[in-house]
Every structure is written in structure tokens, then in C-alpha cells.
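Visitor: My structure is below; once you've seen it, I'll send some questions.
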DNA sequence: ACGTATAGTCGAAACGCTTCGATGAACACT
DNA sequence: AGTGTTCATCGAAGCGTTTCGACTATACGT
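Residue numbers (the UniProt record's numbering), protein chains in the order written: chain A, 1 to 337; chain B, 1 to 337.
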């Protein structure tokens with residue numbers, strides 16, 4: 001940098017001002033400085049910049065160590081977050097820690113990152129508590145129990161559920177089943193499970209339909225059994241909303257095993273499920289697809305906005321899933337069985 | 001740090017030596033220093049450390065922007081790399097760039113990262129060329145055309161292919177088909193496609209079997225058609241090795257459509273395919289599962305080893321996939337059709 | 001008793017940048 | 001002519017570490 005300054009015939013600090021626009025610089029000297037930088041192949045040193053300015057322009061993505069099975073979704077999320085960060089001139093580091101790890105505190109206090117984006121937030125999340133305690137800037141994907149005064153983005157589960165129910169209603173379905181994640185996930189306060197369970201009932205009531213809501217473990221066999229059980233107890237169901245990708249495989253097997261066809265005998269909608277999975281079956285699945293990339297990018301944007309704005313408002317946002325109609329849904333057209 | 005020094009009654013530099021073990025420190029003063037740090041809640045500042053020592057202890061994971069669908073595998077890879085980095089006291093930043101992006105140069109010259117781990121290396125990869133040109137430390141997952149003198153980890157495709165072929169041979173199969181990724185991937189020099197194509201022929205020859213090798217686009221419908229075409233032309237095939245998860249779905253549909261059962265009428269092995277996908281079908285798929293987490297961790301280890309060792313040797317490693325026998329393979333037991 | 005290692009410590013100079021206060025010059029307004 | 005503003009620039013003091021050279025005891029071999 002000192003070389004650049006010399007070559008441009010200005011002071012060191014002037015170069016800095018030209019670089020950051022922190023103070024006005026005449027067009028002429030700016031030109032000279034940029035030319036000098038170009039000729040010398042100068043690139044500012046990120047660490048030094050961070051040390052001096054006390055802003056590293058690095059944010060962390062806090063990411064629970066995947067205990068069991070991670071979806072495709074998460075990866076897209078991570079990459080879109082990384083890209084959004086880069087577009088804002090930030091770097092994204094990955095901190096993959098168990099939710100209750102004490103390491104987080106250490107990491108935060110290293111002063112490496114300006115802020116944190118927290119994924120897979122649980123209703124009672126020790127990470128959030130720590131962040132609040134340290135008054136460390138953060139945003140969340142998903143929400144904790146009391147998310148007032150905090151910055152988050154999440155799927156708009158209410159709208160998403162409505163979309164699914166209304167779409168089926170339009171097709172003439174009056175008896176709709178809902179297969180959720182497991183009871184355990186519900187009890188643990190896992191956001192999507194809790195919220196959709198609630199909003200399903202509401203949407204059914206509003207639309208004056210009949211609904212059956214049930215939990216199901218995240219496994220192919222559980223899906224298989226749950227479907228059979230459900231249709232034994234409620235033989236008049238003509239459509240199913242499923243928020244459980246693994247169970248969905250089992251359900252499809254169970255359907256074809258009874259010699260039924262999709263969607264003639266039963267319509268299926270996969271909730272909060274990616275296109276990738278939806279297109280692996282025959283027929284392909286009508287889904288409500290989560291706006292993963294948008295969520296990731298938005299999460300990063302909100303965080304950075306928070307870091308760079310001086311005002312104390314903490315932005316929040318809800319995004320609905322998008323209805324993608326494929327082959328697994330159709331007009332209700334059942335006479336009798 | 002100056003406070004810690006004062007409180008412990010030593011010089012600033014002594015605290016630094018105690019912290020890094022760079023010079024001998026008497027046990028007694030070390031105790032005093034640690035106590036002082038504890039009491040003051042002192043944590044060393046990562047950026048300052050990096051600036052002074054010229055080693056940021058940050059590495060980048062270079063990650064092609066997913067043009068077309070990313071597998072589950074990649075995410076596990078990313079998380080295991082992040083964890084491995086942390087275990088070594090490093091941070092992992094994500095750089096998700098198109099392979100031919102000019103941005104990479106900028107990023108490297110910022111001096112933020114000590115080294116780079118490159119994913120999804122192509123045979124002729126501009127990123128690798130740039131890294132060599134700048135003499136920037138790096139390791140690869142996968143290999144470029146000439147990977148001599150470079151550090152990499154990769155799947156041992158030769159061994160993996162052998163395992164698959166031998167396993168089928170043991171079950172009595174003599175006529176084995178192989179369904180690869182697309183011709184285009186092969187032409188583009190995509191490592192797995194090229195290598196397995198070659199090693200399949202070798203393994204077949206060595207085992208004195210008959211083999212048919214074919215390419216197939218990465219789609220359900222292409223798999224469906226390819227299967228029918230293959231079995232029309234080679235009706236005596238009794239087993240298929242498939243390295244194409246999407247095509248696999250189509251294959252299974254085609255099989256069940258002709259009223260065949262797996263594995264009685266045909267055995268299927270999914271190559272370099274994750275458990276998650278393998279368990280979504282009925283029957284579950286026998287696979288050769290890539291050691292994703294190991295690859296990620298090993299890649300990071302090799303890179304860090306390279307960064308910290310002074311000698312100029314560049315470590316390399318090949319890891320085979322692991323054979324996981326599930327329901328899609330069995331003794332050949334065909335009389336006639 | 002003597003030089004010579006060696007362990008333990010100190011002070012000060014980097015590392016490459018940002019930012020604060022100060023300084024001049026140019027311009028307008030009384 | 002004097003006063004005040006704004007614009008453009010400069011010099012120097014940090015930011016929180018590491019690391020180098022130097023210094024002081026103490027221990028060692030002879």
C-alpha cells in the first residue's frame with residue numbers, strides 16, 4: 001500500500017480513503033491511485049483490514065452437526081448463503097457444532113466473525129441464548145419460541161399449508177389426510193412439525209373440509225404402515241398431504257400394492273420437499289417446494305443489514321413454499337371402492 | 001493481552017510465548033499467565049494473530065456452483081471438512097464459484113486463507129492451473145489429468161469397481177452390465193465416469209466375464225429407456241452395476257414393469273451412491289458407498305499437513321468405496337425367461 | 001576459575017491496514 | 001479584508017498479535 005501511495009504521489013491514508021470511499025477524494029487522484037494499484041498488482045490484505053477496522057467482513061454459518069441424515073435442501077442452503085455473502089463482500093465460514101456445544105463461546109470470542117447465521121433453530125436453543133447473552137449479532141433460519149426482537153427468516157408455514165389445502169379443495173377433495181413428521185419431533189418443538197400441525201387444522205376448518213392429522217416416523221416402513229392404518233380407519237380419504245420425504249416412499253409403495261393408481265385413486269402432495277426427490281418417483285410428485293436458496297440468501301442479507309445499519313431494528317421475513325403441480329394430484333374422481 | 005501480562009507480572013511477549021509454546025517458559029510463570037488469562041476472560045484475537053504471524057489458520061473450500069443438482073454426498077462432505085478443520089484449529093470458509101471464475105484470483109490475493117481445498121476437480125481445471133501459477137498451497141478432492149506432484153484424495157475407483165464385479169461374480173453372475181453417467185460427462189473428462197468405464201472393462205477381463213458398458217443421461221426416464229434397450233440387446237444379462245442415482249429410479253421402474261423381481265430376475269448394484277438413497281427403494285439397494293466423511297476429513301488433513309510441514313512432499317491418498325449388501329443382489333438363479 | 005551453552009525473559013519492531021485530528025487551498029458571503 | 005465552509009489531503013497513532021535480538025541467570029565441562 002505504501003508503494004501504491006508513493007507511485008501515485010499521495011499519502012498512505014489517501015489510498016485508504018480512495019479504497020473505502022470513507023472520505024471524498026478528487027476524481028483525478030482517485031484515477032492515479034487506481035492506476036498505481038493496477039500496475040503494482042496491489043490487493044488489500046483482508047486480515048489487516050479487519051484488524052484495523054474491527055470488522056472482519058466474515059460471518060459464520062452455524063450448522064448443527066447432522067446427527068442423522070441430512071437433506072439435499074441443506075446443501076443448497078449453504079451454497080446460496082455463501083454466494084449471498086460473497087455478493088455483499090463477506091466471507092462465510094462454516095461452524096458445524098452440536099447445538100449444545102460449549103465451543104461456540106470460544107469461537108465467538110476469537111473475534112473472527114462479525115455475525116452469525118443460525119440454522120435449524122430449535123424452540124429452545126442454547127445457541128440463541130448464548131448469542132443473546134454475549135449480545136453478538138445474529139440472524140436465524142427458523143424461529144425459537146420467543147423470536148420477538150430477533151432477526152429471522154423462516155418458511156411461511158401458514159400460507160404453505162393453506163396453499164396445499166386450497167389446491168386440493170379446488171380439485172374437489174373433501175376428505176384430506178395429513179402425515180406429519182414424528183410425534184417426537186412435535187414434542188421436541190421442531191418448528192415445521194408444530195406449525196404445520198396447527199395450520200392444517202385451521203385450514204381445514206376454514207375451508208369446511210374434513211381432515212385427519214397424524215404423525216409418522218421418518219422412515220419408509222413407517223410411511224408404509226401409516227398409510228395402511230390411515231386408510232383402514234378413514235377409507236374415504238381422497239387426498240393426502242405429506243410432510244415427510246422418507247415416509248412418502250413407503251406410502252407410494254403401499255398405494256401401488258393395493259393396486260391403486262396415483263392420482264386416480266388418491267392424490268398426494270409432498271410438503272416442504274425438494275424437486276430432486278419429487279422427480280424420482282412415478283408419477284412425479286406435486287409439491288410445495290421450499291424457497292431454500294431464497295431463504296439462505298435472505299438470511300445472509302438480513303444479518304449483514306443488521307451489521308451495517310446503525311439503527312436497532314431487526315428485520316424479519318417469512319417466505320411461503322411454492323406449489324409445483326406434477327403428476328400425483330388430480331380431480332377427485334372416486335365413485336366407490 | 002497487555003492486561004494479562006501486567007496481572008501476571010511478565011512482559012507482553014512472554015504471554016505470547018506461553019500461548020504458542022514458541023519458546024520455553026517456566027512452569028511457574030506459565031501457571032501465573034494462564035491464571036491471569038482465566039481471571040480476565042482473555043481470548044486471543046484471531047485476526048491480529050493472523051496478521052502478525054502471516055498464517056490466518058483459515059482454509060477455503062472451493063466448491064463449484066452447483067449447475068445441475070447436487071447430491072446428498074456433497075453436504076456430508078462439506079460438514080466433515082468443516083469439522084476436520086476445526087479439529088486442527090482451522091476455520092473453513094466456503095467459496096462457491098463457477099470453475100472458470102476470475103474471482104478466484106481476487107480471493108486468493110486477499111491473503112485471507114492459508115490454503116485451499118478444491119472439490120469436484122475436472123481433468124482440465126482452470127482453478128488448478130491458477131493455484132499452481134500463484135504457487136498457492138492446495139489439495140484436491142478428485143484428480144486433474146496430471147496430478148503428479150500435487151496433493152489429492154480421491155475414491156479408489158479401480159478397487160471400487162473390482163469390489164462390485166467380484167461380488168457379482170461370487171454370486172455366480174457371468175454377464176454383467178454397467179450403466180455409467182452420460183457420454184457428455186465422459187467426454188468432458190469427468191473423473192469418476194472416465195475411470196470406472198476403464199476399470200469396469202479391466203475387471204471384467206480379469207475375472208473372465210462378459211460385460212456390457214453403456215452411458216446414460218442422469219434422469220429417471222433415460223434410465224428407464226436405457227434399461228429396456230440394454231436388455232433387448234443383451235437379454236442374458238443377470239446383473240447391472242449402475243453409477244447413476246437418477247437413472248437407477250428409472251431402471252427399477254422398468255424392471256417392475258416387466259414383472260421381474262429384484263434380485264431374483266436381476267441383481268442391481270448402485271455404485272458410489274449414498275445409503276440415504278439406497279434405502280428409499282424396495283428392495284433396498286446393494287451399494288458401494290463412498291467414504292464421504294473420510295474424504296472430506298482426509299482432504300483437510302492433507303492440506304493442513306502441507307501447510308505446516310516444511311518439507312516439500314505432497315501427500316496423496318485413495319480410498320475405496322465400501323460394499324454394503326442390501327436387498328438388490330442375489331445368487332444368479334435364472335433358468336430361462 | 002573460565003568460557004560456553006541453555007533456559008527464561010524482556011523490549012521493541014514489525015504485520016498492513018483504518019481513522020482521527022490537523023492543515024491548506026479554494027470559494028463564497030458579509 | 002476578514003470570516004467561515006467545504007473539499008482534499010497528510011501524518012501519526014492505533015488495532016492485537018508474533019518474533020527477533022539481546023540480556024541475565026544458572027548449569028556444564030574442563
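We treat Cβ as the ideally placed atom computed from N, Cα and C, and that holds for glycine.
(1) Out of 221(B), 244(B), 305(B) and 236(B), which has the shortest C-alpha to C-alpha gap to residue 279(A)?
(2) Around the Cβ of residue 9(A), are there at least 16 other Cβ atoms within 10 angstroms (buried) or fewer (exposed)?
(3) Please report the Cβ distance between residue 283(B) and residue 250(B), rounded to the nearest whole angstrom; I am assuming they are in contact, meaning their Cβ atoms lie under 8 Å.
(4) In the structure shown, what three-state DSSP assignment does residue 166(B) receive?
(5) Chain A partners of residue 47(B), CB-CB under 8 Å?
(6) Measure the CB-CB distance between residue 126(A) and residue 100(A) and report whether it falls below 8 Å.
(7) Between which residues of its own chain and residue 7(A) is the CB-CB distance below 8 Å, once the five residues before and five after are set aside?
(8) Look up residue 238(A) in the DSSP assignment and say whether it is helix, strand or coil.
(9) Does residue 17(B) come out as helix, strand or coil in the three-state DSSP assignment?
(10) Alpha carbon to alpha carbon, how far is residue 324(B) from residue 330(B)?
(11) Excluding the 5 residues preceding and the 5 following residue 290(A) in the sequence, name in chain order all residues of the same chain whose CB lies nearer than 7 Å to its CB.
(12) Check whether chain A comes within 8 Å of residue 75(B), counting only Cβ atoms and requiring the distance to be less than that.
(13) Just verifying my parser: in three-state terms, what is the DSSP assignment at residue 289(A)?
(14) Closer than 8 Å between beta carbons: that is the criterion. Which residues of the segment 241 to 253 of chain B meet it against chain A?
(15) Bridge partners of residue 64(B), per DSSP?
(16) Exposed or buried, what is residue 87(B) when buried is set at 16 or more other beta-carbons lying within 10 Å of its beta-carbon?
(17) Helix, strand or coil: which one does DSSP assign to residue 22(B)?
(18) Do you know how far the Cα of residue 150(B) is from the Cα of residue 315(B)?
(19) Verify the CB distance criterion: does residue 2(A) have a CB-CB separation below 8 Å to chain B?
(20) Using a Cβ-Cβ cut-off of 6 Å (strictly less than) and excluding sequence neighbours within five positions of residue 245(A), which residues of its own chain qualify?
(21) Could you pull out every unbroken alpha helix (DSSP H) segment of at least 4 residues lying fully inside the segment 152 to 234 of chain B, listed in chain order?
(22) Looking at the structure shown, is residue 1(B) part of a helix, part of a strand, or coil, going by DSSP?
(23) In chain A, what lies closer than 8 Å to residue 43(B) by C-beta?
(24) Closest to residue 189(B) by C-alpha separation, out of 143(B), 205(B) and 161(B), would be which residue?
(25) Note down the Cα distance separating residue 42(B) from residue 48(B), rounded to an integer number of angstroms.
(26) If we call anything under 8 Å between Cβ atoms a contact, is residue 199(A) one with residue 232(A)?
(27) Alpha carbon to alpha carbon, how far is residue 193(A) from residue 164(A)?
(28) Does DSSP put residue 33(B) in a helix, a strand or coil?
(29) Please name the residue in 76(A), 1(A) and 243(A) whose C-alpha comes closest to that of residue 46(A).
(30) Cβ atoms of residue 173(B) and residue 238(B): under 8 Å apart, would you say?
(31) If residue 254(B) sits next to residue 224(B), beta carbons under 8 Å apart, how far is it from one beta carbon to the other, in whole angstroms?
(32) For residue 8(A), which three-state DSSP category applies?
(33) Which residue or residues does DSSP assign as beta-bridge partners of residue 91(A)?
(34) So, residue 207(A) versus residue 169(A), is the Cβ gap smaller than 8 Å?
(35) Candidates 81(B), 52(B) and 287(B): which alpha carbon is nearest residue 241(B)'s?
(36) To which residues of the same chain is residue 55(B) closer than 6 Å at the C-beta, ignoring the five residues directly before and after it?
Guide: For this structure:
(1) Residue mapping note: residue 279(A) aligns to position 279 of the first chain, counting from 1. If we check each option's Cα against that of residue 279(A), 221(B) comes out closest.
(2) Position 9 of the first chain, counted from the start, is the residue given in the question as residue 9(A). Under this definition residue 9(A) is an exposed residue.
(3) For the purposes of this step, residue 283(B) is identified with residue 283 of the second chain, where counting begins at 1. For the purposes of this step, residue 250(B) is identified with residue 250 of the second chain, where counting begins at 1. Residue 283(B) to residue 250(B), Cβ: 17 Å. No contact.
(4) Here residue 166(B) corresponds to residue number 166 of the second chain, with the count starting at 1. The answer is helix: DSSP assigns residue 166(B) an H, G or I state.
(5) On the second chain, residue 47(B) is found 47 positions in, with the first residue counted as 1. 47, 50, 51, 56, 111 and 112, listed in chain order.
(6) Residue 126(A) sits at position 126 when you count from the first residue of the first chain. Residue 100(A) sits at position 100 when you count from the first residue of the first chain. A contact, by the Cβ cut-off of 8 Å.
(7) Residue 7(A) sits at position 7 when you count from the first residue of the first chain. Closer than 8 Å at the Cβ level, and outside the excluded window around residue 7(A), lie 36, 39 and 40.
(8) Within the first chain, the letter at position 238 stands for residue 238(A). In this structure, residue 238(A) counts as coil in the three-state DSSP scheme.
(9) Along the second chain, read from residue 1 onward, the residue named residue 17(B) stands at position 17. In the structure shown, residue 17(B) sits in a helix (DSSP, three-state: H, G or I).
(10) Here residue 324(B) refers to the residue found at position 324 when the second chain is read from its first residue. Here residue 330(B) refers to the residue found at position 330 when the second chain is read from its first residue. Cα to Cα, the separation comes out at about 13 Å.
(11) On the first chain, position 290 is the one that residue 290(A) refers to. Once the five neighbours on either side are set aside, the close Cβ partners of residue 290(A) are 73, 155, 272 and 321.
(12) What you label residue 75(B) is simply residue 75 of the second chain in a count that begins at 1. It does; some Cβ of chain A falls within 8 Å.
(13) Position 289 of the first chain, counted from the first residue, corresponds to residue 289(A). It is a strand residue.
(14) 246, 249 and 253
(15) Residue numbering aside, residue 64(B) sits at position 64 when the second chain is read from its first letter. 97(B), per the DSSP bridge assignment.
(16) Residue numbering aside, residue 87(B) sits at position 87 when the second chain is read from its first letter. Exposed: under 16 other Cβ atoms inside 10 Å.
(17) Position 22 of the second chain holds residue 22(B). Here residue 22(B) sits in coil by DSSP.
(18) Along the second chain, read from residue 1 onward, the residue named residue 315(B) stands at position 315. Along the second chain, read from residue 1 onward, the residue named residue 150(B) stands at position 150. If you take the alpha carbons of residue 315(B) and residue 150(B), they lie about 8 Å apart.
(19) Position 2 of the first chain holds residue 2(A). Chain B, which has no Cβ nearer than 8 Å to the Cβ of residue 2(A), makes this no.
(20) To locate residue 245(A), count along the first chain from 1; it is residue 245. Here the set comprises 273 and 277.
(21) 157 to 170, 183 to 187, 191 to 206 and 220 to 233
(22) Here the question's residue 1(B) lines up with position 1 in the second chain. If DSSP states are grouped into helix, strand and coil, residue 1(B) belongs with coil.
(23) Sequence index remark: in the second chain, residue 43(B) carries index 43 (1-based). The contacting residues are 106, 109, 110 and 111.
(24) Counting from one through the second chain, the residue named residue 189(B) turns up at place 189. The residue with the shortest Cα to Cα distance from residue 189(B) is 143(B).
(25) Along the second chain, one-based indexing puts residue 42(B) at 42. Along the second chain, one-based indexing puts residue 48(B) at 48. Approximately 14 Å between the Cα atoms of the pair.
(26) Taking the first residue of the first chain as 1, we reach residue 199(A) at position 199. Taking the first residue of the first chain as 1, we reach residue 232(A) at position 232. Contact flag unset, no.
(27) In the first chain, counting from the first residue as 1, residue 193(A) sits at position 193. In the first chain, counting from the first residue as 1, residue 164(A) sits at position 164. Their backbone Cα atoms lie some 15 Å apart in a straight line.
(28) By one-based count along the second chain, residue 33(B) stands at place 33. Residue state, collapsed to three classes: helix.
(29) Mapped onto the first chain, residue 46(A) falls at position 46. Nearest of 76(A), 1(A) and 243(A) to residue 46(A), Cα basis: 1(A).
(30) If you number the second chain from 1, residue 238(B) lands on position 238. If you number the second chain from 1, residue 173(B) lands on position 173. Yes, these two residues count as a Cβ contact at 8 Å.
(31) Residue mapping note: residue 254(B) aligns to position 254 of the second chain, counting from 1. Residue mapping note: residue 224(B) aligns to position 224 of the second chain, counting from 1. The pair is a contact, with the Cβ atoms about 5 Å apart (cut-off 8 Å).
(32) The count along the first chain starts at 1 and reaches residue 8(A) at position 8. Three-state DSSP puts residue 8(A) in a helix.
(33) Locating residue 91(A) in the first chain gives position 91, counting from the first residue. 58(A), per the DSSP bridge assignment.
(34) Locating residue 207(A) in the first chain gives position 207, counting from the first residue. Locating residue 169(A) in the first chain gives position 169, counting from the first residue. Result yes, Cβ atoms of residue 207(A) and residue 169(A) sit closer than 8 Å.
(35) Residue mapping note: residue 241(B) aligns to position 241 of the second chain, counting from 1. Comparing Cα-Cα distances from residue 241(B) to each of 81(B), 52(B) and 287(B), the minimum goes to 287(B).
(36) Against the second chain, residue 55(B) aligns to sequence position 55. Result list for residue 55(B): 114, in chain order.
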